[in-house]
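**Q** Just so you know, the sequences run in chain order V and D.
Going by our numbering, the first residue of the first sequence is number 1, and it counts up by one from there.
Going by our numbering, the first residue of the second sequence is number 1, and it counts up by one from there.
Can you keep this structure in mind? I'll have questions shortly.
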Amino acid sequence: AQSVSQHNHHVILSEAASLELGCNYSYGGTVNLFWYVQYPGQHLQLLLKYFSGDPLVKGIKGFEAEFIKSKFSFNLRKPSVQWSDTAEYFCAVNTGAAGNKLTFGGGTRVLVKP
Amino acid sequence: EAQVTQNPRYLITVTGKKLTVTCSQNMNHEYMSWYRQDPGLGLRQIYYSMNVEVTDKGDVPEGYKVSRKEKRNFPLILESPSPNQTSLYFCASSLSRASSYNEQFFGPGTRLTVL
Numbered sequence: 001a002q003s004v005s006q007h008n009h010h011v012i013l014s015e016a017a018s019l020e021l022g023c024n025y026s027y028g029g030t031v032n033l034f035w036y037v038q039y040p041g042q043h044l045q046l047l048l049k050y051f052s053g054d055p056l057v058k059g060i061k062g063f064e065a066e067f068i069k070s071k072f073s074f075n076l077r078k079p080s081v082q083w084s085d086t087a088e089y090f091c092a093v094n095t096g097a098a099g100n101k102l103t104f105g106g107g108t109r110v111l112v113k114p
Numbered sequence: 001e002a003q004v005t006q007n008p009r010y011l012i013t014v015t016g017k018k019l020t021v022t023c024s025q026n027m028n029h030e031y032m033s034w035y036r037q038d039p040g041l042g043l044r045q046i047y048y049s050m051n052v053e054v055t056d057k058g059d060v061p062e063g064y065k066v067s068r069k070e071k072r073n074f075p076l077i078l079e080s081p082s083p084n085q086t087s088l089y090f091c092a093s094s095l096s097r098a099s100s101y102n103e104q105f106f107g108p109g110t111r112l113t114v115l
């Protein structure tokens with residue numbers, strides 16, 4: 001079965017700092033990759049997704065992620081964070097099996113200090 | 001507005017008292033799913049449904065039931081809740097898995113506490 005690992009559970013940054021969140025998955029076949037964000041008290045929103053093509057994917061709110069197939073990684077980046085980026089971030093994988101199931105990582109809580 | 005709705009948003013109950021959390025989507029999606037979110041574990045799938053009258057177990061189905069009598073609704077039933085089912089629950093929907101675009105849309109969540 002596939003699994004997803006997010007290396008950092010908590011990240012604390014100051015505004016304008018750069019952010020990079022790691023995500024690795026274990027699955028040898030074709031995958032669809034997602035990053036979701038959950039702002040405090042809100043539901044999950046899709047930040048960006050990778051299905052195929054250019055491995056550097058740009059999403060909303062200035063986020064981007066790079067798919068490195070050889071490393072089974074899909075790291076999320078933002079060059080300059082804002083206080084409003086305080087949220088929990090989830091990496092997720094879909095392999096097309098088991099009913100379109102998304103397998104999520106454990107999440108990374110990001111706190112941006114003003 | 002395209003959305004997934006859940007009710008109730010917050011619920012405190014006692015062990016053994018049957019409850020139902022409703023989920024409804026207005027996007028004509030075939031696929032619907034329930035997840036629970038626990039700290040450090042991310043979201044784990046409980047049950048899913050590929051279409052009306054078609055449901056199957058996810059990763060953590062024990063203690064839960066679902067039904068899919070109509071396309072838009074996918075209620076989650078806890079026949080005899082226990083404290084280890086205290087969690088944040090999310091319903092999600094998407095187009096059929098046959099589609100190449102299978103983004104899932106999530107509801108606002110239901111925070112359940114079982115005493």
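Each residue gets a CB set at the ideal place from its N, CA and C atoms; glycine is no exception.
Taking 8 Å as the CB-CB cut-off, is residue 108 (chain D) touching chain V?
**A** Sequence index remark: in the second sequence, residue 108 (chain D) carries index 108 (1-based). So yes, residue 108 (chain D) belongs to the interface.
**Q** Find out if the Cβ-Cβ distance for the pair residue 70 (chain D), residue 50 (chain D) is shorter than 8 Å.
**A** As a working mapping, residue 70 (chain D) is identified with position 70 in the second sequence. As a working mapping, residue 50 (chain D) is identified with position 50 in the second sequence. Contact flag unset, no.
**Q** First and last residue of the beta strand (DSSP E) that includes residue 75 (chain V)?
**A** Against the first sequence, residue 75 (chain V) aligns to sequence position 75. That run of the beta strand (DSSP E) goes 73-78.
**Q** Kindly provide the ranges of any alpha helix (DSSP H) runs that are 4 or more residues long and lie completely inside the stretch 32-92 of chain V, ordered along the chain.
**A** For the stretch 32-92 of chain V, not a single whole alpha helix (DSSP H) run of length 4 or above is found.
**Q** Counting only beta-carbon atoms, is residue 58 (chain D) nearer than 8 Å to chain V?
**A** Sequence index remark: in the second sequence, residue 58 (chain D) carries index 58 (1-based). It does; some Cβ of chain V falls within 8 Å.
**Q** With a threshold of 16 other CB atoms inside 10 Å of the CB of residue 2 (chain D), please say whether the residue is buried or exposed.
**A** For the purposes of this step, residue 2 (chain D) is taken as the residue at position 2 of the second sequence. So residue 2 (chain D) ends up on the exposed side.
**Q** Going by alpha carbons, who is nearest to residue 101 (chain V) out of D:85, D:47, D:88, D:82?
**A** Against the first sequence, residue 101 (chain V) aligns to sequence position 101. Closest by alpha carbon: D:47.
**Q** Assuming residue 39 (chain V) and residue 92 (chain V) form a contact by the criterion Cβ under 8 Å, report the distance between their Cβ atoms to the nearest whole angstrom.
**A** Start at 1 with the first residue of the first sequence, and residue 39 (chain V) comes out as number 39. Start at 1 with the first residue of the first sequence, and residue 92 (chain V) comes out as number 92. Between residue 39 (chain V) and residue 92 (chain V) the beta-carbon gap is near 17 Å, outside 8 Å, which marks them as no contact.
**Q** CB residue 104 (chain V) to CB residue 40 (chain D), shorter than 8 Å?
**A** Your numbering for residue 104 (chain V) matches position 104 in the first sequence. Your numbering for residue 40 (chain D) matches position 40 in the second sequence. Not a contact, by the Cβ cut-off of 8 Å.
**Q** I'd like to know whether the C-beta atoms of residue 78 (chain D) and residue 115 (chain D) end up nearer to each other than 8 Å.
**A** Translated into positions along the second sequence, residue 78 (chain D) becomes position 78. Translated into positions along the second sequence, residue 115 (chain D) becomes position 115. No, these two residues do not count as a Cβ contact at 8 Å.
**Q** By Cβ distance below 7 Å, which residues in the same chain neighbour residue 29 (chain V) in space, the five residues on each side in sequence not counted?
**A** To locate residue 29 (chain V), count along the first sequence from 1; it is residue 29. 95, listed in sequence order.
**Q** Under a three-way DSSP split, which group does residue 84 (chain D) fall into?
**A** Here residue 84 (chain D) corresponds to residue number 84 of the second sequence, with the count starting at 1. Helix.
**Q** Check each candidate in V:74, V:114, V:21, V:36 and name the one with the smallest Cα separation from residue 82 (chain V).
**A** Mapped onto the first sequence, residue 82 (chain V) falls at position 82. Answer by Cα proximity: V:114.
**Q** Can you tell me whether DSSP reads residue 35 (chain D) as helix, strand or coil?
**A** Your numbering for residue 35 (chain D) matches position 35 in the second sequence. Strand, per DSSP.
**Q** I need the boundaries of the beta strand (DSSP E) containing residue 10 (chain V), first residue and last residue.
**A** In the first sequence, the residue the question calls residue 10 (chain V) occupies position 10. For residue 10 (chain V), the uninterrupted beta strand (DSSP E) run begins and ends at 10-14, by DSSP.
**Q** Can you check whether the C-beta of residue 1 (chain D) is within less than 8 Å of a C-beta belonging to chain V?
**A** Position 1 of the second sequence, counted from the first residue, corresponds to residue 1 (chain D). So no, residue 1 (chain D) is outside the interface.
**Q** Going by the beta-carbon positions, is the gap between residue 9 (chain D) and residue 108 (chain D) smaller than 8 Å?
**A** Counted from its first residue, the second sequence places residue 9 (chain D) at position 9. Counted from its first residue, the second sequence places residue 108 (chain D) at position 108. Contact flag set, yes.
**Q** Quick one: grab the DSSP three-state call for residue 27 (chain D).
**A** Here residue 27 (chain D) is taken as the residue at index 27 of the second sequence, counted from 1. Coil.
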